[in-house]
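To start, the structure itself, in structure tokens.
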Amino acid sequence: MPELIEVEMYREAATRAVNRTVSSVSISTQKYLKEGTLLTDLRTAVCGSRFVGARRTGKLLLLEIGTAVIGLRFGMTGRLIVDGEATINGLLYTTSEVKQQHIRFSMNFDEGGTLAVVDPRSFGNVELNPDETSLGPDAMHISNDDLDQLFKGSRTTVKGVLLDQTKISGIGNLLCDEILWRSGLSPTRAGYSLNAAEIERVHRIIRSTIRVLTKRGGSHMGDLQSERHRNGVCPTDGMQLEQTKVAGRTSWWCPEHQL
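Structure representation (structure tokens):
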């Protein structure tokens, strides 16, 4: 599923279409537009305008077109296709095929080429001028002080805090489990129980994990990933992993060193 790492790859790929002029926009169904966004408004805002840039906050890709911004959320199975080419090989929970019936959004350009979203399960959406203030700081750029404030006094689990996109944006389930495994912290601990040294360690490991997994090719390339199954064992100490539901998500962790 697309997390910060994948969406950053999408952002980089989208820049190949910068300086082209939008000729048309199509959508598979009104349901793929976020509530409050109409296709007529979307077309009026961007058709005839130049694609000037792409940026990202967390898992939200932002396409700047003229004076408008299109926000793309990719859900569990969304991928960005630029000029017919997939920007990543595949995602953990979906096929790598690009089928016409799975194209949910597409934007064509006067100069030729297309920017499209393929989303088999259709959990993503498109929004015109999204409210970016609803998102917390990007996980790659959050400061140690800001992270300290998120955990301080919070009775929410550590994993729940890291997955809350209004507090810190970009971390999904796979990345979160990898970060906590590398940090030696149980996902079930309450945020307030972390001391200063543990928070500093999480802050450091968030960044290093994102860098390492980006080089490997995605959020599904963590050291823990291959053991996320029944009878899976910790790559560090060989202890059988526990499976627990935390913050509504299936979580795999080592009871031996994640304390």
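Per the numbering used here: the sequence shown ends with 1010, consecutive numbering throughout.
For glycine and all other residues, C-beta sits at the position ideal for the given N, C-alpha and C.
Note that the structure is a prediction, hence the values are computed from the model and not measured.
Starting from S934, follow the beta strand (DSSP E) in both directions and report where the run begins and ends. First-last for S934: N924 to S934, but that is the alpha helix (DSSP H), not the beta strand (DSSP E).
Can the beta-carbon of K910 be found closer than 8 Å to that of P938? Judged by their CB atoms, K910 and P938 are nearer to each other than the 8 Å cut-off.
Nearest residue (CA-CA) to N982, options G973, L992 and D974: L992
Can you pull the DSSP bridge partners for Y1002? The displayed chain sequence assigns Ser, not Tyr, to residue 1002. T995.
Helix, strand or coil: how does DSSP classify L755 here? helix
If you draw a straight line from the C-alpha of D897 to the C-alpha of L755, how long is it? 19 Å
Suppose you measure from the CA of P871 to the CA of N946; what does that come to, to the nearest Å? Inter-residue distance for P871 and N946 is about 42 Å (C-alpha atoms, whole angstroms).
Compare the beta carbon distance of V833 and V797 with 8 Å and say whether it is the shorter of the two. no
Using only alpha-carbon positions, find the residue among T908, I919 and S885 that is nearest to V894. It is worth fixing the name first, because residue 894 is Ser in this sequence and not Val. Comparing Cα positions, the closest option is I919.
At 4 residues or longer, and completely inside the segment 937-986: list those alpha helix (DSSP H) runs for me, N to C. 947-967
Whole-angstrom Cβ separation of E862 and R771, contact assumed at under 8 Å? 5 Å
Distance, Cα to Cα, D922 vs M752? It should be noted that the sequence gives Ile, not Asp, for residue 922. Rounded to whole angstroms, I922 to M752 spans 11 Å at the Cα level.
Coarse secondary structure for R767, derived from DSSP in three states: Judged by DSSP in its simplified three-state form, R767 adopts helix.
In the DSSP assignment, what residue or residues form a beta bridge with N859? Answer by DSSP bridge pairing, in chain order: S775 and T865.
If you drop the 5 nearest sequence neighbours on each side, which residues of the same chain put their C-beta closer than 6 Å to that of R806? L813
Got a sec, what are the start and stop residues for the alpha helix (DSSP H) G911 sits in? V909 to L914
Helix, strand or coil, according to DSSP, for D834 in the structure here? coil
Cα separation between I854 and R979? 30 Å
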